[in-house]
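Everything below concerns the one structure shown next.
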């Protein structure tokens, strides 16, 4: 009872710590979300600071709006001074100049205008006053871009300073996603699942892997009738430490190897296992050698690769390791393969 109480207290502490950390994440996200006009960013692809975030940027923005307003007033005054329909007197962009007056070529223009270009039926003009407004607008826009860049650099720096918090958030979401996937699998697996029993290590007793009705976790829903569950008995006081599995092609030998290794892995991460019952001693490593391949670029044949990988397993595996070898000795003749398998055993 006291152990259960301590476990509950620890879970409460962990949950409280997670909640506190997520509050920090939410606060940091709030700062970033209010510092930028995200609607504008989504529409234009540019990160634009939100109004009120930076005084220098707001002043530059107001200066740009002021010059643009005076440019609009100047265009209205020109429309009132020439004999042309108002809609035919417009601003156009030419080369690097964004505000050039264009109007029909038959219109008589004020004396301060100088022609800077033309196209069929229209002429384009500028003036000293208009040039001064363009220069003022260019200066205001440069100030706005400079302020915007400084704000963006500040946001990037602030985001970078919280990289530990963001890494924790990403890892937590990934872990939650994995736990939810395992829970969904346990709830929706046909044939049922079990909570595995972990047997303690003992120097006087060999490790054990005992499964009843074991199935592959990737079995398709609705096809449980076509999958034959398997019983596996490995180790312990009365069973051998290994199994030599033989049978016809497409009989499910490789699938049995895979589901055994997956069962051990799922059990040790705390997941439910698709089986009627499972008892195992925790393993310190899972070694798997399946399939045939060669390394042409390094001059290693299929037989060489198979022996090298098998030798590495034998060297690194311990008493508590789970080893799965599929078609050991397939890279050579039958008798040689049998000799290799015998030597490995």
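Numbering (the UniProt record's numbering), first residue to last: 1 to 345. Glycine is no exception: its CB is placed at the ideal position from the N, C-alpha and C atoms. Remember, it's a predicted structure, so these values are computed and weren't measured experimentally.
What are the partner residues of residue i, as DSSP defines its beta bridges?
{"i": "residue 295", "result": "300"}
{"i": "residue 212", "result": "277"}
{"i": "residue 194", "result": "273"}
{"i": "residue 231", "result": "In the DSSP output, where bridge partners are listed per residue, residue 231 has none listed."}
Could you check if residue i is buried or exposed, using at least 16 other CB atoms within 10 Å of its CB as the buried criterion?
{"i": "residue 167", "result": "exposed"}
{"i": "residue 148", "result": "buried"}
{"i": "residue 329", "result": "buried"}
{"i": "residue 126", "result": "buried"}
{"i": "residue 187", "result": "exposed"}
{"i": "residue 416", "result": "The displayed coordinates of the chain run from 1 to 345. Any statement about residue 416 would go beyond what the structure contains."}
{"i": "residue 195", "result": "exposed"}
{"i": "residue 12", "result": "Only weak support is given to the placement of residue 12: the predicted model assigns it a pLDDT of 42, under 50, and the value that follows is read from those uncertain coordinates. Exposed is the call here."}
{"i": "residue 282", "result": "exposed"}
{"i": "residue 20", "result": "exposed"}
{"i": "residue 118", "result": "exposed"}
Compute the Euclidean distance between the alpha carbons of residue i and residue j, then round it to the nearest angstrom.
{"i": "residue 348", "j": "residue 50", "result": "Outside the shown range of the chain (1 to 345) lies residue 348, about which nothing can therefore be said."}
{"i": "residue 319", "j": "residue 207", "result": "8 Å"}
{"i": "residue 263", "j": "residue 342", "result": "27 Å"}
{"i": "residue 81", "j": "residue 93", "result": "22 Å"}
{"i": "residue 22", "j": "residue 155", "result": "20 Å"}
{"i": "residue 112", "j": "residue 128", "result": "8 Å"}
{"i": "residue 1", "j": "residue 202", "result": "Note that residue 1 has pLDDT 36, beneath the 50 cutoff, so the model's placement of it is unreliable and the number below is only indicative. Their Cα atoms are separated by approximately 26 Å."}
{"i": "residue 45", "j": "residue 152", "result": "14 Å"}
{"i": "residue 250", "j": "residue 228", "result": "13 Å"}
{"i": "residue 242", "j": "residue 217", "result": "23 Å"}
{"i": "residue 40", "j": "residue 31", "result": "17 Å"}
{"i": "residue 259", "j": "residue 214", "result": "8 Å"}
{"i": "residue 103", "j": "residue 150", "result": "40 Å"}
Within the same chain, show all residues whose beta-carbon is closer than 7 Å to that of residue i, passing over the 5 residues directly before and after it, in chain order.
{"i": "residue 248", "result": "none"}
{"i": "residue 305", "result": "293, 294, 295"}
Quick one: what's got a C-beta closer than 8 Å to residue i's C-beta in the same chain, skipping five residues either side?
{"i": "residue 317", "result": "285, 287, 323"}
{"i": "residue 240", "result": "234"}
If I measure Cβ to Cβ from residue i and keep anything under 6 Å in the same chain, skipping five residues before and after, which residues do I get?
{"i": "residue 189", "result": "274"}
{"i": "residue 290", "result": "326"}
{"i": "residue 123", "result": "105, 115"}
{"i": "residue 236", "result": "208"}
Let me see if you follow: with CB-CB separation under 9 Å, is residue i close to chain C or not?
{"i": "residue 183", "result": "Judged by its chain identifiers, the structure shown contains no chain C, having just a single protein chain."}
Practice problem: Evaluate contact between the region 132-145 and the region 95-114, counting only Cβ atoms and requiring at least three cross-stretch pairs below 8 Å. | Solution: A contact is defined here as three or more CB-CB pairs under 8 Å, and the region 132-145 meets this definition with respect to the region 95-114.
Quiz item: Below 8 Å, can you find three or more Cβ-Cβ pairs linking the region 81-90 to the region 147-161?
Solution: No, because fewer than three Cβ pairs between the region 81-90 and the region 147-161 fall closer than 8 Å, the two stretches do not touch.
Practice problem: Kindly confirm or deny that the region 210-217 and the region 231-240 touch, where touching means at least three C-beta pairs closer than 8 Å. | Solution: In this structure the region 210-217 touches the region 231-240; the number of beta carbon pairs closer than 8 Å is three or more.
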